[in-house]
Structure formats: structure tokens, C-alpha cells
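Here the structure comes first, spelled out in C-alpha cells, and everything after it is commentary.
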Amino acid sequence: MSISLKVEDLTFTYSIDSKPIFERLNFELPLNSFNLLIGPSGSGKSTIFKLMAGLYPQYSGIKNNGRILLNGQEIADIVPFERARHVAMLFQNPSRQFAMKTVFEQLVFALENIQYPAHLIEKRATEVLKKSNLWQFKDRILQTLSGGEQQRVALATVLVLDSSIIFLDEPFANIDNVSRLVILNELKQLQLTQHKTIFISDHDISNYNGLVDHLYEIKLSSQNLVELPLTELAKLPAQTKVTQKNLPDNAVFSWHNLSFHIGQRLLLSPNSLNIPKGYVGLLSGDNGIGKSTLFAAFSHQKKYSGNVLYNGKSSEKIRLRNWARTVANIFQNSSDQFIKLHADEELDFSQSNSLHSEYWTAQRIQDAVNKLDLIQVLKHVNYQLSGGQQKKLQALIILIMSQPVMLFDEPFAGLDLNSLENLLMLIKQTTKDLGLSTLIISHQRRGVVEHIDYELLMDEQTIKRLGEF
Amino acid sequence: MQTVDHTKKGWSVKDVIFLAIIAIFFGIIYQVWSFAYYAIAATPLKPYANDLTLGVWIMAGPLAGVLLKKVGASVVGELLAAAVEMLLFSSWGASTLISGFIQGIGNELGFAATGYKNWGRLGLLLSAIGSTIITFVWDWFQSGYSEYHVGLLVSLFVIRFVSIGFFSGVLVYWIKKLVNRSGLIK
Amino acid sequence: MSSKRINPTILVIIMLGIGLQITFAHSVSTNIVVIFVTCLYLCYCKASGKLLILTSLYAFPLALGSWWSFIMFGTGDVWHTAWIYASRVYAYLYLGAIVTLTVSVKNILLSLSLHLKLSSTFVYGLLASFNLLGRIKHQYKTIRYSAMMRGTTYHFWNPSLYLRVIIVALNWSQDLAEAMTSQGFTEGAARTLTYKDNLPKWQWCLATFLILLYFVFSFLVRPW
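So the sequence lines, in the order shown, correspond to chains A, B and C.
Counted the way my numbering counts, the first sequence spans residues -8 to 460.
Counted the way my numbering counts, the second sequence spans residues 117 to 302.
Counted the way my numbering counts, the third sequence spans residues 5 to 228.
Next comes the structure, spelled out in C-alpha cells:
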């Protein structure tokens, strides 16, 4: 069966009073091919995918002009149970795409949706699970699987529907590299043997060389999809290393025999380390290995065994309210950080409760605001800021609090290189001036590692200081 | 291929999940505070504990109303909260679902009295009055209020109105104002 | 094995049908009969004894409080009244337990959708949200910590706590609904249902019989 998916003259905006994210966009998806979409975060990769999958404008935004046609029919008007046979999607957050509790139930759910004959459903689900090498996961509870396993189940859900076009919206953001390679190869096989059309968006272009037929980029300036030569995929930035320094043995924050699980999965086996005071460290490791969970354990939001120590004293009996004044967690998701409505209220609140109010004078805060280019958004609602502005504001309000231990989880995601450098310098300066112990998780290494003092690597259920021995 | 009728305005799965997630959060928040309730409820002052905290249990209904601005949102919101309470936190047994329904009706009547046009102060005030009266009549039978002295009844009624008025009226109004200012729900 | 159990839909009907009447009944003995019969059924289904004992203990302060308050503030035959309302707490509790402790949440909802036409939007919306329970608990900790880091604490009367909850609910419900839609879920459309359960006619009769029987005893015979 031939199928086509075309975007014609599309103009799309998130709200009436904001400027369009796409203007007069034209695009035709090449069929039976493997396509990759790149572009900075916030450039609209998700948006264009969800438009082409028919989910927008139903779930968000306003289409001001143009059409998106699946086989000549406006895709947003097609009932989902018919649309799903042609177009399906894997989402960025692996855990929030399942209606059911177990793997098998999830596949059955999808088949029931498209009114697959009842007596064939079990057979079909079984067949797809076996083909996807997921049979042993059949009765596992989805929310206890790792991100990589969840994405494989999500892919099996799409396969069970037999959709011919598969969109994958940043599917690897939270999953480990081994799973990523497994899924990429599976997708390539699907394209070659079952003539599926694959369209992935990713911020990381490694491992795509040789797989991809077409490479696209969303250019912020033109708000359009531009096809790039495939040779771009070979241009991988060299992995930069943190230069080893001799750091003083002045740690105030440490952990002893620390270990934790998620469900049945052991993420960290008993591990003991400490981090120096007054320096900025990078916590690296594969996606999904448990770095964010480690931060959650440090900030007493995740149960663990062993001890987390501050000034040599174990912290487990300290009241959470007091511990929160020792260990600050700058969350990956900015909106988890805000407790006020407007940017200036956040800053004022931090200033009046700061643990180092002598340091954070009005002038210093003003300078930081200028440096982070937040001056024009101070009166805005936090949740209405761009992703990058939220990241900078979020980091600043916690820096002003100045807890002795600062844990930054992906603080640079979606920042341009200039903003990144300014924010990193601010973190470094504050850490040095106030003698904080700072750890940063960042998948982005470019522009970061040059300024980092030491690196911790989380791998195979352990954490080690790189270059220690 | 078959097309969707975009003019239909029934309950969407997004609305259901939205209210259910809020209800689960409520369940978690109240678990912490319910210990205080229990401490009083184990004494003869139980009716006071009931009426003092009633507004908190009822909040989900009017909140659903002002967030979704839909006919039936208060009843469905309160029923969903009751279903979540019963199925996930299984604490009160059979009466949860029935009381949830009754409470939702009380709130719904308030919004209905404005012709579903006012979801602000007036709607919330009427909704608080509606649920105070309806739930009081209900407890007349269910919790045996018919057997209490008149003096106790009067003070219970006043306490109940204050509790519902604050939590399901004033607090919901503040929340609604915050949500509006945040610009997150159009 | 499961065919000898009562269908979840029937259990819900019995729970509501008798539960509603209990509210208006004035009898200790019918309450005790309800407690006795429901406990028998719970034993027959081998419901988790530990959970049953835990919830029973959990309800004890409530029963005690009811009882005591009528002794203190009641009018008329305070002893009778006190025992009515104390036993009522347990009658409600076990009546609820015959549904929640013997059938899974999924089967309750699917059975209601099969036999009582409960809309699939509600069935799958609820199921999808219930799966997030663990994540929602963790998210609540995150929200609390975010305030504590800034030197303040959220209390349940703070509107800003609810704003945070609403923001999370908005984002997550959108993610889940988008995913379900892309997997073909369509509100109000027909779908195949593989869930099957046994609902023989005699079970409808049983429900009707039990509800009527309760009515006759509570409101016509009216024992102590």
C-alpha cells in the first residue's frame, strides 16, 4: 500500500499572542527511509513531529495556516484508531507513554484500540514480543523497567499496530548507550525488511553514520527544515577530557558504603567516596545509569543503604528541612524548582533566605542577572520563559541560596554556548568564593570540561574518581 | 479514513488523567495530615474532627469545577477523587464512593445555580453553601447527627461551613487565581 | 476457581445497594450480619489477612470515636445509637473490602465497562494514572524538597503547593494522553475488549435478593 505524508504551507503557533514557531513550512517525508532531525532544544523538533503525527493542534497550539496530509487527508481529522495504523510515535519520556501495568497488557491495549479481532490479539502480541526479543518481559511491570527497556516496549507497541511511519521524539534522552544501539539497529532492520519509514529526533549525532538516509535540521532563523549532507554525521566532536589537577583533601561531603536499587535493579553497589570543597566536579556516565538517582539519594529523596556524611557525621537522622539547607538539588526539570510565580519574586525570596546573604548583595545579584541575560524577563511568569531562560533562572536562585553542597542535574541542557559559559563561570566563581562542594551532571561536554576541576564516572554500579590511581 | 468530530465536547482522556493525578497527589498530601484527624477522631470529639476537616476532603470537586469549567466536573472530580481514595489508599470502604458522590452533588448544585456561568467567587460561595447543606443532611442519616443535641448540631454546622468555606471556597479561589496568573490553562 | 467467585460488577452493585441502605438503617444486628457475611466471603476468597487486620485496626479509632461521641452527646437511647454507629463503620469497611480486596483494580474497572457501560475514557484514564502512583509519590517529595531548599515549607493550606501539583498533573496528563492517542485510543469509539468474565444470571438474582433482603430486615422487621 502506498502512503504519503506531506506538510503544505504550515504556520503554527503555541498561543495567539506569540510568534509562530513555523511559518509557511513545506516538507514531504521520504518513504521507506531512515531520517534524522537535529537542532537545538527548543527549536521545535517535538512540535513538528507531533504535528505530523496528528497530535497537534489537538493537544497544543494553533494551526494558523496550511495542511498536513496523510494520503491526501488532513491528518488531525483522522480518528486515532485509523491513524495509528499508519503513523505512530515514541516519546521522549519513556515512562509516560503506557496506559497499562504490564508489557503484555500494553500491547493488548494497543490492539484493542484499533479493533483488532479479539481471537487474534493474543497471537499477534505474542508474535511481536518474541520477534522483538521481549518475550521474557511479558509480565513485567512497565514502571519498574529501565528507560531502555521501556523504549523497546514502546517500539513493540508501535510494531503491534503495524504503523508504517514511526516518529521517535528524542527517544534516547534517558536511556543507556547499549540500549540505544540495540534500538537503532532494530529500527534499521525494520526499515530494510518491512519498509517502515523512520524519523528520529536526537541531540546527539553519534552512531548514526551509515544508518541514515536523510539528515534534517531545524534552523531557528528560518523556522524551516533544511536537509544537510550526510557527511555532517561523520563530524563527531572529539571527546574532551578533564585535565587532572591535584586537589586538596578538604572534603566535607562524603558517602560510605552507599548503595541503592530501583525496583529489583541494583544501580549502585556499596561505594565510598568524598568530594573536595571549593571545586566543581563533573559526574559523568551513561544515560539511565543512575546519576539523577544518586542526587536523589544525596538529597534524601530516595531510599538507600549506607551513609551520606557531612562534616564526617552521618546525615540519615537529620531532619529533611535542615538537610535541604545543606544539600541543594538543581533539578533536571526546571519547573520542579520554582516556588514563586515570577522571576523577580524567586530572586527576592532566595536573597532573603540565603545562607550567604553577606555575599549575595543586591549588586552581585544584579550583575549575575545581567550576565545571564535575564534582565528583560524579571517580570515574566517563570513557566512562560523559554527552556534556556528557565535553566539559568533555576541555577541562579539556588546559587543565591548557597548550600554547602550543590548538585546540578543537566543545568546546561538547551543553552547556547555563550549562555553556557556565563552560567558555568558563575557556578565556578560562587563555588570558589564560598567554598561549596559542587557536582554537575552534564551530557554536554563541549565548553564544559575545560572548566571542570575533577571528574567522577558512574559505571557498572560503581563510582570512581577518574585518574585517581 | 474516518474523521473525528471536533465539535463533540465530552470528557477527554486527558481531563480524566489530569483529575486522577491531582486526586492521587491529594491522597498523598492528606495521608500525612490524616494522623491529626485520627488523633481527634478516636475521642468523643469525633464529630468535630469530621466537620473541621470536611472542607479538605471536598476540595477536589470545586477545584475540578473551576479548572475545567464543565457541567458535571465537580461531581466527576469528586467521584474520581473518591475512587482513587478507595482503590489506591483503601481507607474508608464502601462509604467513600457514596459520600464522594453526595459531596460532588452539593458543589455541583452551587455552580448550577449560576447557570454554569460563574466559576469565580459567587460560584464558589454557592458551591460551598450547597455542599455544606447537602453533606449535613447526609450526615444527619449516615453519621447519626439526628441523635445529637441541638447545641452540638448548631456548632457543627457552623464549623462545617467554615471548613468548607475556607478549603473548598477561599483556598480553591486562591489556587484558581494562581493558575490563571501562571497562564498555564487557557 | 475464579468462576466460583462473584463477578466484580455484582460486588460493586451489592456494595452500593447495601451501603446506601446502611446509611438510613437503625439496626445493630443487621450491621453485624453484614460484617459477618462479608467476612465469610473475604475468607472464602482468601483475601490478604494482613491487609484486612491492618484496615480493621486503622478503622478502630473511628468506630471508637463514633461510639464515644454518642455516649457523651447523644439523645434518647444512647447505648443503642452508639453501637449502631460503631458497628456501621465496620459494615462499610468490609462491604468495601469485598470489592477492593478480592478483585484487582483493573478487573473492577474493566468489568464495570463490560457490564455497566462505564466509558473506556474513564477506565483507561484511571488505569494509566494509577500506574504513575510511584512516580507521583516521588514527585511530591521533589516538590517538598524544592521549598525546603529555599528555607520554607509547604503546608496543605498553601495555594502554591496546589499550583505545583496542578502543573505536574497538566504536563503528565498531556504526555500520557498524547501517547495513548498515538497508540490508537479514541474517546467514545468502539474497541475490541479481550477482557472476559463470568456473569451468570443467578448472580444478578443474588444481588437483587441480598439488597431486598437487607431492605426487608432493616426497614420492615427493624431488629435491635
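C-beta: ideal position from N, C-alpha, C; glycine also.
Residue i, buried or exposed, once every other Cβ within 10 Å from all chains shown has been counted against 16
i, result
"B:ARG276", "buried"
"A:GLU451", "exposed"
"A:PHE460", "Because the pLDDT of A:PHE460 is 42, which lies under 50, any placement of that residue in the model is unreliable, and the question is left without a value."
"A:ARG115", "buried"
"C:MET5", "Since pLDDT at C:MET5 reaches only 42, below the 50 mark, its modelled position is unreliable, and the value read off the structure follows with that caveat. Exposed, since its Cβ has fewer than 16 Cβ neighbours within 10 Å."
"C:MET19", "buried"
"A:ASN237", "exposed"
"A:LEU408", "exposed"
"A:MET416", "exposed"
"A:LYS383", "buried"
"A:LEU227", "exposed"
"B:GLY126", "exposed"
Minimum C-alpha distance to residue i - residue among the options
i, options, result
"A:ASP8", "A:SER(-5), A:ILE53 and A:PHE40", "A:ILE53"
"B:TYR264", "C:TYR89, C:THR185 and C:TYR166", "C:TYR89"
"C:THR198", "C:TRP71, C:ASN111 and C:THR42", "C:ASN111"
"C:ALA211", "C:ILE17, C:SER186 and C:THR59", "C:ILE17"
"A:MET91", "C:ALA132, C:THR190 and C:ILE147", "C:ALA132"
"C:LYS3", "C:GLN187, C:SER123, C:THR59 and C:GLN207", "Residue numbering for chain C in the displayed model covers 5 to 228; residue 3 of chain C lies beyond these limits and cannot be assessed."
"A:TYR107", "C:SER91, C:GLN187 and C:LYS54", "C:GLN187"
"A:PHE128", "A:PRO162, A:LEU28 and A:THR93", "A:THR93"
"C:ALA183", "A:SER(-7), A:LEU81 and A:ASN248", "A:LEU81"
"A:GLU412", "A:VAL440, A:SER393 and A:LEU264", "A:VAL440"
"B:ASN223", "B:GLN118, B:LYS185, B:SER259 and B:ILE140", "B:LYS185"
"C:ASN175", "B:LYS130, B:LEU170, B:MET117 and B:MET202", "B:LYS130"
"C:THR85", "C:PRO65, C:LYS205, C:CYS49 and C:SER33", "C:SER33"
"C:THR196", "A:LEU146, A:ALA101 and A:THR38", "A:ALA101"
"C:PHE77", "B:VAL274, B:VAL266 and B:ARG237", "B:VAL266"
"A:GLN83", "A:LEU363, A:ARG58, A:GLU65 and A:PRO162", "A:PRO162"
Residue i to residue j span [Cα, whole Å]
i, j, result
"A:SER137", "A:SER86", "9 Å"
"A:GLU208", "A:LYS(-3)", "17 Å"
"A:ASN23", "A:GLU401", "35 Å"
"A:GLY276", "A:ASP167", "9 Å"
"A:THR453", "A:LYS293", "17 Å"
"C:TYR158", "C:ARG168", "10 Å"
"C:ARG148", "C:ILE140", "12 Å"
"A:PRO261", "A:MET449", "13 Å"
"A:ALA229", "A:LEU457", "18 Å"
"B:PRO163", "B:PHE283", "18 Å"
"C:LEU58", "B:LEU204", "15 Å"
"B:ALA198", "A:GLY279", "36 Å"
"B:SER247", "B:LEU272", "14 Å"
"C:PHE189", "B:ILE144", "29 Å"
"B:LEU170", "B:ALA189", "19 Å"
"A:ALA386", "A:VAL368", "15 Å"
"B:LEU294", "A:ILE69", "36 Å"
"B:LEU213", "B:MET202", "7 Å"
"A:LEU273", "A:SER155", "42 Å"
is_contact[residue i, chain D] using C-beta, thresh 8 Å
i, result
"C:PHE126", "Note that chain D does not occur in the displayed structure, where the protein chains are A, B and C."
Quiz item: Can you list, in chain order, the residues of the region 84 to 99 of chain A whose Cβ is nearer than 8 Å to any Cβ on chain B?
Solution: none
Quiz prompt | Residues of the region 151 to 173 of chain C whose Cβ lies closer than 8 Å to any Cβ of chain B, in chain order | solution = PHE160, TRP161, PRO163, SER164, LEU165, TYR166, LEU167, VAL169, ILE170, ILE171, VAL172 and ALA173
Exercise. Give, in chain order, every unbroken run of the alpha helix (DSSP H) that is at least 4 residues long and sits entirely within the region 251 to 332 of chain A.
Key: 282 to 289 and 311 to 314
Exercise. Any chance you could list the alpha helix (DSSP H) runs of at least 4 consecutive residues sitting entirely within the region 116 to 202 of chain C, in chain order?
Key: 124 to 134, 137 to 152 and 163 to 186
Practice problem: Identify every run of the alpha helix (DSSP H) within the region 89 to 113 of chain C, keeping only runs that are complete inside it and at least 4 residues long; order them along the chain. | Solution: none
Practice problem: Please list the residues of the region 371 to 390 of chain A that have a C-beta atom closer than 9 Å to any C-beta atom in chain B, keeping them in chain order. | Solution: VAL372, ASN373, TYR374 and GLN375
Practice problem: Enumerate, from N- to C-terminal direction, the unbroken beta strand (DSSP E) stretches of 3 or more residues contained entirely within the region 175 to 255 of chain A. | Solution: 188 to 192, 205 to 210, 215 to 219 and 244 to 253
Quiz prompt | Residues from the region 24 to 44 of chain A in contact with chain C, defined by Cβ distance under 8 Å | solution = LYS41 and ALA44
Exercise. Could you list the residues in the region 107 to 124 of chain C with a C-beta less than 8 Å from some C-beta on chain A, going in chain order?
Key: LYS110
Quiz item: What beta strand (DSSP E) runs, 3 residues minimum, are completely inside the region 364 to 435 of chain A?
Solution: 396 to 400 and 428 to 432
Quiz item: Relative to chain C, which residues along the region 132 to 157 of chain B have a C-beta separation below 7 Å, given in chain order?
Solution: VAL132, ILE133, PHE134, ALA136, ILE137, ILE138, ILE140, PHE141, ILE144, ILE145, TRP149, TYR154 and ALA157
Quiz item: According to a CB-to-CB cut-off of less than 8 Å, which residues of the region 258 to 274 of chain B neighbour chain C?
Solution: GLN258, SER259, GLY260, GLU263, TYR264, HIS265 and LEU268
Quiz prompt | Members of the region 282 to 299 of chain B that neighbour chain A once the beta carbon cut-off is set at 9 Å | solution = LEU294, ARG297, SER298 and GLY299
Quiz item: Listed in chain order, which residues of the region 330 to 341 of chain A have Cβ atoms closer than 7 Å to some Cβ of chain B?
Solution: LEU332
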